[in-house]
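> There's a structure below that I have some questions on.
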Amino acid sequence: MLTTRLPARTNRRWDLPPHLKLALQKKRNLQKLWARTRCPRIKRELNHITQDLRQAVLTFRGAAWEETIEQAGEDWKSLHQLCRRLTRSPAPVCPLFDKTGTRRYAARERAEILAEHLEEQFTPHTPSDTPEAASHHVQVERRVEEFRMAPVPPLPGDYFVSPAETGKMISRLPKRKAPGPDGIPTAAIRQLPRRAMVAMTRLFNGILRTGHFPKNWKMGRVIAIPKAGKDPRLATSQRPITLLSHIAKLFERIALRRLLRHLTPRQEQFGFRSGHSTTLQLARVLHHMAAEHNRGRRTVGVFLDIEKAFDRVWHPGLVFKLLNTQIPPALIRTVASFLEGRSFFVAVEDATSDPRPIHAGVPQGSCLSPCLYGVYTDDIPTLAGQLQDWEEDVVLALYADDSAYFASSRRADLAAAKIQRVLDLLPEWLDKWRVAVNVTKTAAILTGQQRAMPPKLRLRGQDVEWQTKVRYLGVQIDRSMRMAAQVEQAIHQSRAARSMLRPVLRSHLPLRAKLALYKGYIRSRLTYAAPAWYALCSISQRKRIQAQQSIALRMIVGAGRYVLNDVIARDLRIETVEGIHPAHSPPDV
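Taken in order, the sequence shown gives residues 1 to 589; the numbers are from full-length UniProt numbering.
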């Protein structure tokens, strides 16, 4: 089987051998001479050397690709590194615009621009000027201040840490994680002797006893990654990644186990819960919408876009809500110390910014943050307590900061009216806890083919636009409930992955390795959350999805046109997409 040569975009000219570099320089000299003289003899010589050079470069790159394939093993780590060379090209270094619109090229200046932007982002939302909200904020801050000043009873004995628990937590640390500001990797922590482990246990118990989280552990090192499809010259187009101390994160894991003894998230929250996932929440939402559709009822859904949900959590409000739980006050004191006085700095290349304070939000990268955010948004309102005996409450779907409401009725206007009642209650809750919703990015959808749409929903005096399709938890949901938009998205993503991995799939790697790559990079995109939406697809859409798998398998084995797709799948022992996610009954929608 012939080996596909490595794509030209993955090789640079300065990687060529000396004799090819000399030939390239000769070609450039002939191009300059032809531009001056327009001599036919020089043109023939230029064409001849161009053709020979092209063939020589292709041969060299093919040999280099052969060597790369030979060095790759069959283990997943080796295969993953091989694919990274094809799918992840280095991002170009771009300047950043400062507030005056001036381009800044120096690494230090770019770090300061990002740090200034993030400092503004890590601040609570502006409080509402309504008297009720202002009075509530004063009461919350007074209660939290009284708690911080009052003596706290000690923790019960079973809340303290034992060396065995510390060792167990250390053994569960991930092996490959970038170190935080202290530069200590997880590999070093995993090699600690028992004496050091006992000393660390004493430190953790001291934190629980005093309620004081060390200041050095509150510093975060932030690196920025450009967002796909955004202008990389804007600070808002950079995705911040915060690296924290692994020793601090080890203590956070221990504290989380103690918090979870007293915290039970509401049933609608599927994020950060064991045994729950995006697929399960999507299955719940789509089953509800499809079942109502089959009953001849219309479903109105509104999908909220909460602005900077994790970055702008109001610290006094979070501590106030923790005080209303059964968590021991001494543990709440530790959590309050964990939140206050945090800071960060931005690292760009070899330069770093000055430290900047964090005034709001739950720390990115901390295992405590999802749990604390869940506590903060646990009381998001529904219509409970405001319904007649014959009325049903709206359906609430939560996954981290992705929030959605659904209401169904035989008449679309009645379903929309019920959702509007919830949206009328929402501003009071938003104002009380200093949470903001971006109404322009909030979307509403009405299932079914209805020509006359109900009046637009309104939130905070702004219209919520009706959409023909919405994106929820990575899946496109359309009005017809036939998931046509999701099928198009899945096919597009799988095609893009197959195109980038074409040199690997057509190489002489063992079939077992190529099938592992196909399952990990292509089929995972083709069947993302498929248990939730595949049964709603039509037969033609299922055939299109299956066709993408057949194309990839034919590429892997290099089969001719005369070989049937079923034969290829049978010999490779690959299930059909229908077999992976069977539709037990044909969809009625």
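We treat Cβ as the ideally placed atom computed from N, Cα and C, and that holds for glycine.
Note that this is a predicted model, so its numbers are computed, not measured.
If we count the other Cβ atoms within 10 Å of its Cβ and call it buried at 16 or more, is M200 buried or exposed?
By the 10 Å Cβ count, M200 comes out buried.
> Please say whether R266 and D378 have beta carbons closer to each other than 7 angstroms?
Yes, these two residues count as a Cβ contact at 7 angstroms.
> I need the boundaries of the alpha helix (DSSP H) containing L33, first residue and last residue.
Its alpha helix (DSSP H) spans residues P18 to T37.
> Does the region 518-535 come into contact with the region 457-471, if we say contact requires no fewer than three beta-carbon pairs (one atom in each stretch) closer than 8 angstroms?
Cβ pair count under 8 angstroms is below three, so no.
> Using a threshold of 7 angstroms, state whether the C-beta atoms of R54 and A351 are closer than that.
Cβ atoms of R54 and A351: not closer than 7 angstroms.
> Return the first residue and the last residue of the alpha helix (DSSP H) that F320 is part of.
Taken as a continuous stretch (DSSP letters only), the alpha helix (DSSP H) holding F320 covers H315 to L323.
> Going straight from the alpha carbon of T325 to that of S135, what length do you get?
Between T325 and S135, the C-alpha separation is close to 22 angstroms.
> Closer than 8 angstroms by C-beta to residue 591: which residues in its own chain qualify, once you throw out the five before and the five after it? Chain order, please.
With the chain running from 1 to 589 in the structure shown, residue 591 is simply not present.
> Could you check if A532 is buried or exposed, using at least 16 other CB atoms within 10 Å of its CB as the buried criterion?
Burial call: buried.
> So what's Y105 in DSSP terms, helix, strand or just coil?
Looking at Y105 - three-state DSSP - the assignment turns out to be coil, as it is neither helix nor strand.
> Given L155, which residues of its chain have a CB within under 8 angstroms of its CB, disregarding the five upstream and five downstream residues?
Excluding sequence neighbours, L155 sits near L208, R209, P328, A330 and L331.
> Taking H246 and K177 to be in contact with their CB atoms under 8 angstroms, please state how far apart those CB atoms are, rounded to whole angstroms.
H246 to K177, Cβ: 7 angstroms. Contact.
> Taking 7 angstroms as the cut-off, decide whether the C-beta atoms of I419 and A235 are in contact.
Not in contact: I419 and A235 (Cβ atoms no closer than 7 angstroms).
> Grouping DSSP H, G and I as helix and E and B as strand, with all else coil, what is W429?
The answer is helix: DSSP assigns W429 an H, G or I state.
> What are the boundary residues of the alpha helix (DSSP H) that Y405 is part of?
Taken as a continuous stretch (DSSP letters only), Y405 belongs to no alpha helix (DSSP H), being part of the beta strand (DSSP E) at D402 to S409.
> For L511, is the classification buried or exposed, using 16 other Cβ atoms within 10 angstroms of its Cβ as the cut-off for buried?
With fewer than 16 other Cβ atoms within 10 Å, it is exposed.
> Can you round the beta-carbon distance between P454 and A416 to whole angstroms, since I take them to be within the 8 angstroms contact cut?
Yes, P454 and A416 are in contact; Cβ-Cβ is about 4 angstroms, under 8 angstroms.
> Assuming D401 and I306 make a contact with CB atoms under 8 angstroms, what is their CB distance in whole Å?
The Cβ separation is near 5 angstroms, so the contact holds.
> Thinking C-alpha only, which one of L250, H125 and L553 is nearest P179?
The shortest C-alpha separation from P179 is found at L250.
> For the region 152-186, which segments carrying the alpha helix (DSSP H) assignment without a break, of at least 4 residues, lie completely within its bounds, in sequence order?
Runs of the alpha helix (DSSP H) inside the region 152-186: 163-171.
> If you draw a straight line from the alpha carbon of L318 to that of A309, how long is it in whole angstroms?
Distance between the alpha carbons of L318 and A309 is about 13 angstroms.
> Could you spell out where the alpha helix (DSSP H) holding I207 opens and where it closes?
Per DSSP, I207 belongs to the alpha helix (DSSP H) from R194 to T210.
> At what residues does the beta strand (DSSP E) containing D463 begin and finish?
Taken as a continuous stretch (DSSP letters only), the beta strand (DSSP E) holding D463 covers Q462 to V464.
> I'd like the list of long-range same chain contacts for I568, defined as Cβ closer than 7 angstroms, with 5 residues on each side in sequence excluded.
Excluding residues within five positions, the ones whose Cβ falls inside 7 angstroms are L553, R554, V557 and A559.
> Run through the DSSP bridge pairs and tell me what L553 is partnered with.
Answer by DSSP bridge pairing: none, since L553 is not bridged.
> Report yes if the CB atom of R312 is closer than 7 angstroms to the CB atom of P124, and no otherwise.
Yes, they are a contact pair.
> State the DSSP-derived secondary structure class of L398, mapped to helix, strand or coil.
Strand, per DSSP.
> Just checking: is the beta-carbon of L244 within a distance shorter than 7 angstroms of some beta-carbon in chain D?
Judged by its chain identifiers, the structure shown contains no chain D, having just a single protein chain.
> Would you kindly report the start and end of the unbroken beta strand (DSSP E) that includes P226?
Element bounds for P226: M219 to P226.
> Are there 16 or more other CB atoms within 10 angstroms of the CB of D566, so buried, or fewer, so exposed?
That one is exposed.
> Quick check on the DSSP output: the beta strand (DSSP E) that includes F345 runs from which residue to which?
Start and end: S343 to V348.
> What are the start and end residues of the beta strand (DSSP E) that includes A443?
Note, A443: beta strand (DSSP E), A443 to L446.
> I need the straight-line Cα distance from R9 to K32, nearest angstrom please.
Model confidence at R9 stands at a pLDDT of 45, short of 50, so the residue's coordinates are unreliable and nothing is read from them.
> For a test of the three-state rule: what should DSSP assign to P370, helix, strand or coil?
P370 falls in the helix class under three-state DSSP.
> By Cβ distance, which residues of its chain are closer than 7 angstroms to C83, with the 5 residues on each side in sequence left out?
Counting only Cβ-Cβ distances below 7 angstroms, and skipping sequence neighbours, we find L501, V504, L517 and Y521.
> How would you write the range of the alpha helix (DSSP H) that T242 sits in, first residue to last?
Looking at the DSSP string, T242 is not in any alpha helix (DSSP H); the run it does join, the beta strand (DSSP E), is Q238 to L243.
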